[in-house]
Amino acid sequence: MPNDQAADPAITGGAPAGGATARGDARIHNIGYRGYDGPRLGRSHARRALVEQSVRGAFGIGRSAKSKILPLLLLAIMVFPAVIMVAVSLVTNTDELPLEYTRYAVMLQPVLGLYIALAAPQMVSLDLRYRTIPLYFSRPLERTDYVAAKLTALGVAIFLFTALPLLVLYIGALLAELDAGDQTVGFLQGIAGAVVFALLHAAIALLIASLTPRRGFGVAAVIAVLTVPFFAATSLQWILHDLGNEAAVGWVGLLSPGTLMDGIQGAYLGGATDFPPGADPSAGGMGVAYLLVTFGLAALCSFLLLRRYRKEGI
Amino acid sequence: MIVTEGLSKRYPGVTALDRLTVSIGPGVTGLVGANGAGKSTLIKLLLGLAPASEGTSLVLGKDSATEGAAIREQVGYMPEHDCLPPDVPATEFVVHMARMSGLPRAAARERTADTLRHVGLYEERYRPMGGYSTGMKQRVKLAQALVHDPRLVLLDEPTNGLDPAGRDEMLALIRRVHTDFGISVLTTSHLLGELERVSDHVVVIDGGKLLRSEPIGGFTSSTTTLAVEVTDSDLHPSGATSLHDALVTAGVTVRRDGGQLVMVEIPPGEAGERGYDTVRDTITDLGLGLIRMEQRRRRIAEVFSTRADGSPAEPPTAPTAPAAAAPAPAPAAQEGADRRAE
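This is the structure:
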């Protein structure tokens with residue numbers, strides 16, 4: 001084993017991390033083991049590196065070709081309608097986009113849900129399943145750093161996934177010379193909605209995904225948690241609407257993550273919702289309730305997530 | 001490197017570590033104990049990942065209880081179990097782990113290339129780790145523990161699951177981690193024989209208690225046992241009995257082991273060399289054929305049993321694994337034996 005060190009040309013390539021060397025001298029030496037006395041950037045650096053690596057992983061970057069297919073396919077499906085809308089606006093010379101920015105994510109919620117269900121388990125279940133966790137915790141990272149990094153990463157991934165089509169729409173709208181002021185306001189509302197959406201869904205999905213080391217179970221569980229309450233709440237809203245109980249319709253919207261988002265956007269970001277007609281989520285302090293429930297739920301999920309990782313040892 | 005003082009860890013119903021006071025210096029230290037002896041708990045406490053029930057531990061002069069992160073920056077850890085995601089190539093994985101240790105990206109890449117080369121992983125490092133052999137996986141696990149050039153590495157059962165040749169390579173690599181890389185090593189095993197070969201110092205724990213902590217000489221200087229089996233001849237209808245009696249006459253400590261084996265106590269040092277010669281000569285003089293002659297190792301169980309009465313216990317009858325066998329008996333004895341065995 002010792003003599004293959006000399007044969008490896010990589011040894012002479014690049015300056016050693018430790019400091020300055022004479023680059024002009026390009027002879028191959030058997031220099032054996034070199035120590036490292038460069039900087040050690042500690043926890044915060046490790047946390048940032050983990051966020052970066054996890055976000056990349058959520059889009060399949062740096063992973064096998066097979067793992068890239070689904071996220072990129074879903075991203076394409078997510079952006080495709082925006083491209084169509086832009087094309088239509090450019091061709092038909094309308095004075096507004098076919099859809100409001102805040103409506104876009106709601107319209108494509110199934111695609112978004114699928115992506116979240118895919119990305120969340122990918123982010124945590126592999127570390128659990130292959131027991132890589134101890135390698136993290138035997139390093140300067142604390143458990144809170146790991147959880148914070150993963151939450152941030154999933155939040156960023158979901159945000160990018162939601163905001164990219166909005167950006168396409170916005171750029172398209174400006175190219176079609178629609179009213180720049182209106183478009184900017186709408187776009188910013190959409191972005192604000194995307195931030196809240198990402199925050200809430202990252203916390204919920206990551207908590208669910210972290211409960212099982214099996215990715216398949218994780219995907220199924222996240223889909224179930226995102227869709228079942230949504231359909232239940234939506235059905236209930238329509239039943240109440242048909243019964244004529246308009247006041248209750250808005251409150252029922254608090255019961256699922258999907259309707260929560262819709263309600264917040266209705267109350268604070270432009271006013272439109274998919275709620276049954278007549279329901280006004282901004283009426284009578286309901287908007288505040290929506291905000292409280294949304295952030296409370298996100299905080300609760302994050303707290304439970306931390307508690308779940310406190311048990312993880314080496 | 002490591003100093004513990006009355007270190008205890010109690011879980012509800014179980015005492016994993018019981019007032020362990022031990023001091024470990026630079027070099028390669030073997031931590032020996034049966035499964036459940038408290039080895040993993042000790043590592044966990046040293047890294048500051050679990051609070052001690054009582055007592056203190058200092059690693060690299062830092063308190064595990066309060067300076068865990070600073071310790072973990074300077075210490076590497078290789079877990080016993082599998083910990084490698086199968087769909088990632090080794091090089092990417094180790095770069096990531098280097099960054100998790102706080103290394104900047106460029107340094108992480110460079111250190112990864114260096115470290116993987118030093119543990120003996122070349123072209124395969126670009127392939128997903130799912131296809132690696134156990135030996136290659138162990139090397140990657142070692143590489144991720146070394147990649148940030150720690151001052152100390154904690155290796156948990158690094159030879160687990162390896163075949164004899166793989167064990168030898170891993171042990172040689174562990175030795176090099178200290179001699180060539182200048183990194184101190186604390187390595188655990190339940191095989192004392194294995195650790196004897198690479199360690200400068202051996203610590204034995206059982207049931208969370210310290211049994212022994214001494215330089216390697218302390219273990220090897222003790223008496224070894226030589227098991228001898230000989231043929232019978234017309235002159236000596238029971239070769240074993242004749243050999244036994246002849247050796248007793250020659251003043252050697254010897255006993256019969258039920259069947260055809262004669263167990264000879266070989267004292268340490270120079271007297272031991274003469275002991276081998278005596279056995280050889282005695283067999284030659286009796287004109288017996290030698291069927292086998294093997295060194296019996298003192299095993300962990302035996303070290304455990306010495307604690308109670310303070311004197312070496314009866315050597316066990318089972319031989320150690322061939323790979324872990326000690327240096328062959330004195331060549332002279334071997335030669336003489338071969339001659340007779342023809």
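So the protein sequences, as listed, match chains Y and R.
The letter at position 114 of the first sequence is residue 114 when you use UniProt numbering, and the numbering goes up by one with no holes.
The letter at position 250 of the second sequence is residue 250 when you use UniProt numbering, and the numbering goes up by one with no holes.
Even glycine gets a Cβ: it sits at the ideal position worked out from N, Cα and C.
It should be emphasised that the depicted structure is a prediction, and the values quoted were computed from it without experimental measurement.
Alpha-carbon spacing of residue i relative to residue j, whole angstroms
i	j	result
G289 of chain R	R176 of chain R	42 Å
P215 of chain R	L128 of chain Y	39 Å
R48 of chain Y	L192 of chain R	42 Å
V196 of chain Y	S64 of chain R	40 Å
F230 of chain Y	V106 of chain Y	12 Å
residue 318 of chain Y	V204 of chain R	No information on residue 318 of chain Y is available, as it lies outside the stretch 1 to 314 that chain Y covers here.
G102 of chain R	T112 of chain R	13 Å
I174 of chain R	S256 of chain Y	55 Å
H178 of chain R	V185 of chain R	7 Å
R139 of chain R	L155 of chain R	12 Å
residue 315 of chain Y	V185 of chain Y	Residue 315 of chain Y is absent from the model: chain Y starts at 1 and stops at 314.
D18 of chain R	E123 of chain R	46 Å
T92 of chain Y	V219 of chain Y	41 Å
P79 of chain R	G48 of chain R	15 Å
S133 of chain R	P86 of chain R	12 Å
S54 of chain Y	L152 of chain R	29 Å
A318 of chain R	S242 of chain R	The pLDDT assigned to A318 of chain R is 40, lower than 50, so where the model puts this residue is not dependable, and the model offers no usable value.
T102 of chain Y	D274 of chain Y	11 Å
V95 of chain R	T187 of chain R	24 Å
Min CB distance residue i to chain Y below 7 Å
i	result
A107 of chain R	yes
E157 of chain R	no
E67 of chain R	no
M129 of chain R	no
E123 of chain R	no
G19 of chain R	For clarity, residue 19 of chain R is Arg in the given sequence; the question names Gly instead. With 7 Å as the cut-off, R19 of chain R does not count as an interface residue toward chain Y.
H96 of chain R	yes
G102 of chain R	yes
Y132 of chain R	no
E265 of chain R	no
Residue i (DSSP reduced to helix, strand or coil)
i	result
T132 of chain Y	coil
A165 of chain R	helix
S199 of chain R	coil
P89 of chain R	strand
Y101 of chain Y	helix
Q122 of chain Y	helix
M78 of chain Y	helix
L297 of chain Y	helix
D234 of chain R	coil
S54 of chain Y	helix
residue 365 of chain R	This structure cannot settle anything about residue 365 of chain R, because the visible part of chain R is limited to 1 through 342.
D18 of chain R	strand
P12 of chain R	coil
A203 of chain Y	helix
S138 of chain Y	coil
D206 of chain R	strand
T94 of chain Y	coil
R212 of chain R	strand
R228 of chain R	According to the sequence displayed, residue 228 of chain R carries Val and not Arg. Looking at V228 of chain R - three-state DSSP - the assignment turns out to be strand.
Any chain B beta carbon closer than 7 Å to residue i
i	result
A46 of chain Y	Protein chains in the displayed structure are Y and R, and chain B is not among them.
Closer than 7 Å to chain R by CB, residue i
i	result
P134 of chain Y	yes
P165 of chain Y	no
Q122 of chain Y	no
G38 of chain Y	yes
G42 of chain Y	yes
P140 of chain Y	yes
G216 of chain Y	no
F137 of chain Y	yes
S64 of chain Y	yes
L126 of chain Y	yes
R131 of chain Y	yes
With 16 other Cβ atoms within 10 Å as the buried cut-off, status of residue i
i	result
D230 of chain R	Correcting the residue identity first, residue 230 of chain R is Val in this sequence and not Asp. Buried.
L175 of chain Y	exposed
F303 of chain Y	exposed
K66 of chain Y	exposed
I283 of chain R	buried
Y309 of chain Y	buried
For a minimum of 3 consecutive residues, which ranges assigned as the beta strand (DSSP E) are wholly contained in the segment 27-76 of chain R? Segments of the beta strand (DSSP E) lying fully in the segment 27-76 of chain R: 28-32 and 54-59.
Could you tell me which whole alpha helix (DSSP H) segments of length 4 or greater appear in the segment 207-284 of chain Y? Counting only runs of 4 or more, we get 215-243, 246-252 and 257-268.
Whole alpha helix (DSSP H) elements within the segment 249-297 of chain R, 4-residue minimum: Taking only runs of at least 4 residues, the alpha helix (DSSP H) segments lying wholly in the segment 249-297 of chain R are 270-286.
Beta strand (DSSP E) runs wholly inside the segment 134-188 of chain R, at least 3 long, in chain order: Runs found: 152-155.
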